[in-house]
Amino acid sequence: MKNSFKVPQLLLRLALGIGFLTTVSDRLGLLPADTRNIEWGAWDKFIDYTATLMPFLDRPVVNVMGGIATLFETSIGILLIIGFKTRYAAIASCMLTLTFALAMTAFLGIKAPINFAVFGTCTGSLLLSTIPVYNWSLDNLGKNAE
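Quick note: the sequence shown uses this note's numbering, first residue 5, plus one each step.
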């Protein structure tokens with residue numbers, strides 16, 4: 005079977021991976037403060053936002069959940085960019101962003117996940133998980149590309 009997904013899968017992997025890492029960089033305050041479109045800019049502001057998505061949890065638990073989400077997003081972003089365990093990373097990305105979409109919709113309304121492009125990220129991740137071969141990836145290193 006001819007692989008017609010060479011460039012699109014690479015661009016989708018990079019877009020999703022960079023998107024995750026940029027979001028993590030924002031919440032950790034790693035982006036320049038004078039940069040436009042900074043959403044949080046600091047961990048505490050991110051945790052405040054996370055608390056709005058989990059109003060049923062105490063603040064210490066919200067801190068842990070924010071840390072877990074950040075760890076997952078960082079791992080998924082790196083795995084997608086380098087193309088290692090790509091299918092699993094894409095499935096994890098889909099499940100994580102679906103969780104975000106549901107929480108955002110439930111506690112902030114439908115516009116919040118739309119503004120953050122959560123639905124697009126979720127469906128793009130699902131699409132990526134169905135692609136048969138990940139060219140230019142560690143998954144495909146040493147294999148003959150079609």
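Glycine is no exception: its CB is placed at the ideal position from the N, C-alpha and C atoms.
All values derive from a computational prediction rather than experimental measurement.
Which residue wins for smallest C-alpha separation from residue i, given the options the options?
i, options, result
"K89", "D48, L102, N139, F104", "N139"
"D143", "L131, L84, I95, A107", "L84"
"I42", "L145, D48, P12, T27", "T27"
"G21", "A105, V66, A93", "A93"
"C126", "F111, I135, A116, A105", "A105"
"D52", "P36, N67, R40", "N67"
"S8", "G146, V137, L145, K147", "V137"
What is the DSSP secondary structure of residue i, reduced to helix, strand or coil?
i, result
"A149", "Bear in mind that the predicted position of A149 carries a pLDDT of just 49, short of 50, making it unreliable; the figure below should be weighed with that in mind. A149: coil per DSSP, three-state reduction."
"T127", "helix"
"S151", "Because the chain here runs from 5 to 150, residue 151 falls outside it and cannot be looked at."
"L15", "helix"
"A93", "helix"
"P36", "coil"
"S8", "coil"
Hey, residue i and residue j: beta-carbon distance below 7 Å or not?
i, j, result
"R91", "S133", "yes"
"T54", "G70", "yes"
"F24", "I72", "no"
"F3", "L57", "The structure shown has nothing for residue 3, since the chain only spans 5 to 150."
"S141", "C98", "no"
"F76", "L100", "yes"
"Q13", "I95", "no"
Quick one: give me the first and last residue of the alpha helix (DSSP H) that residue i is part of.
i, result
"A46", "Note, A46: premise wrong, no alpha helix (DSSP H); not H, not E."
"G81", "63-86"
Taking 6 Å as the cut-off, is the CB of residue i close to at least one heavy atom of the ligand MN?
i, result
"N119", "Of ligands this structure carries none, so the ligand MN is not represented either."
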